[in-house]
Amino acid sequence: MSLLELKNIYKIYGDLHALDDVNLKVEKGEWLSIMGPSGSGKSTMMNIIGCMDKPSKGEVLLDGVDIAKESAKNLTAIRRDKIGLIFQQFHLVGYLTAIENVMLAQYYHSVPDEKEALEALDRVGLADRAKHLPSQLSGGEQQRVCVARALINYPEIILADEPTGNLDDANEKIVVDLFHKLHSEGTTLIVVTHDPEVAEVAQRTVYLRNGKLHKETINENFTGEIKFDNEVEI
Amino acid sequence: MNKRKMFLRMITASLIRRRSRMIVALLSIAIGAAILSGLVTIYVDVPRQMGAQFRNYGANMIFTPTDGHFTSDDITKGKSYIDSKDIVGVTPYRYESVRIHELPVMAAGTDMEQAKLTSPYWSVEGSYPSGSGQILLGASLAEQFRLGTGDEVTVNYTPENPEPEEGETILDNTMDMTVAGILETGGPEEDYVYITMTDLEELTGISGKIDLAELSVSAKSDKLNEYADNISANVPGVSARLVKRVTESESAVLTKLQALVLLVTVIVLALTMICVATTMTAVVTERRREIGLRKAIGASNGGIIAEFMGEGILLGAAGGTIGAALGFIFAQQVSINVFSSSISFMPLLIPITILVSVAVTGVSCLLPIRSATQVDPALVLKGE
Ligand SMILES: Nc1ncnc2c1ncn2[C@@H]1O[C@H](COP(=O)(O)OP(=O)(O)OP(=O)(O)O)[C@@H](O)[C@H]1O
Ligand SMILES: [Mg+2]
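Sequence lines, in order, name chains A and B. Under my numbering, the first sequence has 651 at position 204, and the numbering climbs by one with no breaks. Under my numbering, the second sequence has 1357 at position 117, and the numbering climbs by one with no breaks.
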């Protein structure tokens, strides 16, 4: 059984089909990139996978549970327990320090543990910035705090919507390296990106256009050099 | 770290690190609480003060004899109809015409200690007579006779029946006395000479005769009326009546003042609530993103409510504490400036003020918090 399976997903706003009959399977431990032009439905899809939104039609199976049918309350619980979210606009709580922002995820998940939160910050190379407020951190550092927050509860799946969209090359590399680490530890990653360089380090990339999945590439030399060997039209 | 600690850390961080935002709410709560606790202090304390103040204008009940004069026994009987804890003072008066330097003046025999209680507005230069042979001289008489404290005077009394019968000794109706004090009241008392009842009885040779008793009774006008009616009906020889003008204005002013205080209290409460609700609504609006984020990373609606309520309650408690202190100062100032006396500190008012502030803030936060739970994380996080 796949960790995540989207079956005939539609998201319809008025007469706009933001998602139009999308089918997708994601295996446990897989690293998937989602690409597509602006307005193609990438964020819409991520929101549905992330239990923040429901499809107009179709099934979303996460661990075999159809999250499209769950109540808002259960969705909150699933999101809290299974999903780590990273956003393009490094969303942090402005009046909480880096470490408090990380602990916030622990707080909602189980119990805050300062030591563990500090370890997570250490993993993203920010142990020395733990007591800084977001306004005292650079964009790249803020995004790394978001990564630390996303991974703190050992989620089954990390969803990142354009995590490097606002980062320079150096910070982009740090974040991508972190994804490598997380992936090697067995975390499932789904990353939305505009940036081919970020997309092509994943094992697989799917392409969205006008709400439809129209192409999929598989990076067969995933562990080795980053290079596309196979292009499949679907 | 446990969840509660993290919760406290979050809400205090929110208030402290966003203080420029919260200061308006804090100030409105503090000012509201200050005015409320100040007004309550005045509401409770002023009737006490006003009572004291109005009693300064003299006794509020008078016993008069129904047939010429009565005795101290009659007064005692009358007094027994009044709850003893309500009695501030009972002063008997007996008036006789005497002569000083051969000029006729009115002398009043009284009980000096009681007179201090029923006529607290008397201003005495020197001292009250403390025993036999001393007089309290009305200021205008003192001026007329050019007498001051410590001066010697001779007081003559002409008995009503001046011609003694054959073989009878003539009464000693002259006493040498000392001026103990000069009485200033700005009223008719300044034309009297006050001496102790014992001296007057000795001077006149007639005892047990009282013309009038003034009473100061600490009771509301209904109760006073009841006392007076009871006494007039049940004590033969005594007619009790109220000094109407003082008691009525006292209660009328009090009722008006309390109504005013109540009205202001309600208005201030409403204004505070509106101000806090407005601030909290603004706070929720500007924090939609944060609320969405919290929800996205797993906060339930209950969690969001708890956090905002927690902030509201903390804000209310802080505002209430500041307000309780300011309120006391405010009430104290009003009391000193208006009633020229300091108010009594009511310790219970501090926790009450804080509790009321917390409750008012909590209620004002309800609507804004409700809208906070309706934030959709997907929409908020999507972009701008
Ligand atoms: N709440 C909404 N109501 C109406 N239309 C919406 C709503 N959310 C998204 N859309 C529309 O759905 C389409 C897909 O939006 P989505 O945000 O998924 O695009 P995207 O692929 O993430 O684009 P971008 O790369 O710019 O972030 C867009 O045309 C958008 O206007
Ligand atoms: Mg998007």
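Beta carbons: idealized from backbone N, C-alpha and C, even for Gly.
Pick from the options that is closest to residue i, judged by C-alpha positions
| i | options | result |
| --- | --- | --- |
| Ile1450/B | Tyr1467/B, His1309/B and Arg1244/B | His1309/B |
| Leu1607/B | Ile1545/B, Val1598/B and Gln1572/B | Ile1545/B |
| Pro1617/B | Arg1527/B, Leu1464/B and Arg1258/B | Arg1527/B |
| Leu466/A | Asp500/A, Glu474/A and Trp478/A | Asp500/A |
| Ala696/A | Trp478/A, Leu471/A and Asp462/A | The structure shown does not extend to residue 696/A, since chain A is modelled only from 448 through 681, so no value can be given for it. |
| Gly1559/B | Thr1438/B, Val1419/B and Gly1602/B | Gly1602/B |
| Ser1337/B | Leu1619/B, Ile1514/B, Asp1431/B and Gly1388/B | Asp1431/B |
| Val1524/B | Lys1243/B, Ser1254/B, Lys1245/B and Leu1248/B | Ser1254/B |
| Arg1257/B | Thr544/A, Ala519/A, His641/A and Gly612/A | Thr544/A |
| Ala617/A | Lys472/A, Val645/A and Gly633/A | Val645/A |
| Ser1456/B | Asn1300/B, Thr1613/B and Val1501/B | Asn1300/B |
| Ile1446/B | Arg1334/B, Thr1252/B and Leu1482/B | Arg1334/B |
| Glu517/A | Ile495/A, Lys562/A and His627/A | Ile495/A |
| Glu1441/B | Glu1429/B, Glu1454/B, Asp1462/B and Met1415/B | Met1415/B |
| Leu551/A | Lys1496/B, Ala1468/B, Ile1251/B and Ile1609/B | Ile1251/B |
| Asp1313/B | Val1475/B, Thr1444/B and Gly1563/B | Val1475/B |
| Leu1279/B | Val1504/B, Asn1413/B, Asn1541/B and Ser1372/B | Val1504/B |
Within-8 angstroms CB hit, residue i to chain B
| i | result |
| --- | --- |
| Tyr457/A | no |
| Tyr460/A | no |
| Val558/A | yes |
| Val512/A | no |
| Ile499/A | For the sequence presented, residue 499/A should be read as Met rather than Ile. Output row for Met499/A: interface = yes. |
| His641/A | no |
| Arg570/A | no |
| Arg596/A | yes |
| Ala552/A | yes |
| Asn683/A | Past the edges of chain A, shown from 448 to 681, lies residue 683/A, and the structure says nothing about it. |
Below-8 angstroms beta-carbon distance, residue i vs any chain A residue
| i | result |
| --- | --- |
| Ser1540/B | yes |
| Leu1266/B | no |
| Lys1535/B | yes |
| Arg1529/B | yes |
| Ala1618/B | yes |
| Lys1325/B | no |
| Arg1257/B | yes |
Bridge partners - residue i, DSSP secondary structure assignment
| i | result |
| --- | --- |
| Gln1374/B | Thr1418/B |
| Leu1452/B | Tyr1333/B |
| Asn1396/B | Arg1339/B and Thr1414/B |
| Arg1481/B | Ile1302/B |
| Lys659/A | Arg656/A |
| Met1346/B | Ser1337/B and Tyr1432/B |
| Arg651/A | Leu479/A and Ile665/A |
| Gly1366/B | Gly1421/B |
| Leu1310/B | Rather than Leu, the amino acid found at residue 1310/B in this sequence is Phe. Ile1450/B. |
Same chain, Cβ closer than 7 angstroms to residue i, five either side skipped, listed in chain order
| i | result |
| --- | --- |
| Ile514/A | Cys498, Val507, Leu522 and Ile525 |
| Leu629/A | Leu598, Ile605 and Leu636 |
| Val1264/B | Thr1519 |
| Ile1471/B | Gly1318, Tyr1321, Val1478 and Ala1480 |
| Gly511/A | Met448 |
| Asp642/A | Thr611 |
Integer Cβ distance of residue i from residue j, believed to fall under 8 angstroms
| i | j | result |
| --- | --- | --- |
| Ala1274/B | Phe1548/B | Their Cβ separation, rounded to whole angstroms, is 25 angstroms, which puts Ala1274/B and Phe1548/B out of contact at 8 angstroms. |
| Ala595/A | Leu532/A | Contact flag wrong, Cβ pair sits at about 13 angstroms. |
| Leu573/A | Val592/A | 6 angstroms |
| Ala1355/B | Thr1331/B | 5 angstroms |
| Ser1277/B | Phe1568/B | 7 angstroms |
| Ser713/A | Ile459/A | This structure leaves residue 713/A out entirely; chain A is present only between 448 and 681. |
| Ser1604/B | Ala1517/B | 4 angstroms |
| Arg527/A | Tyr555/A | 5 angstroms |
| Val1501/B | Tyr1283/B | 5 angstroms |
| Val1620/B | Gly1532/B | 3 angstroms |
| Ile546/A | Ala519/A | Not quite, the Cβ-Cβ distance comes to about 30 angstroms (not below 8 angstroms), so this is no contact. |
6 angstroms CB neighbourhood of residue i in its chain, flanking five on each side removed
| i | result |
| --- | --- |
| Lys659/A | Asp467 |
| Leu1589/B | Ser1277 |
Beta-carbon contacts of residue i that lie in its chain and below 8 angstroms, excluding the five residues immediately before and after
| i | result |
| --- | --- |
| Arg1339/B | Val1345, Val1395, Asn1396, Tyr1397 and Thr1398 |
| Asp1351/B | Thr1331, Pro1332, Thr1436 and Met1437 |
| Ile1553/B | Val1598, Thr1601 and Gly1602 |
| Ser1363/B | Leu1423, Glu1424 and Thr1425 |
| Ser582/A | Gly541 |
| Phe1247/B | Ala1546, Glu1547 and Gly1550 |
In chain order, what residues have a CB nearer than 5 angstroms to some heavy atom of ligand 3?
This structure does not include ligand 3; its bound ligands are ligand 1 and ligand 2.
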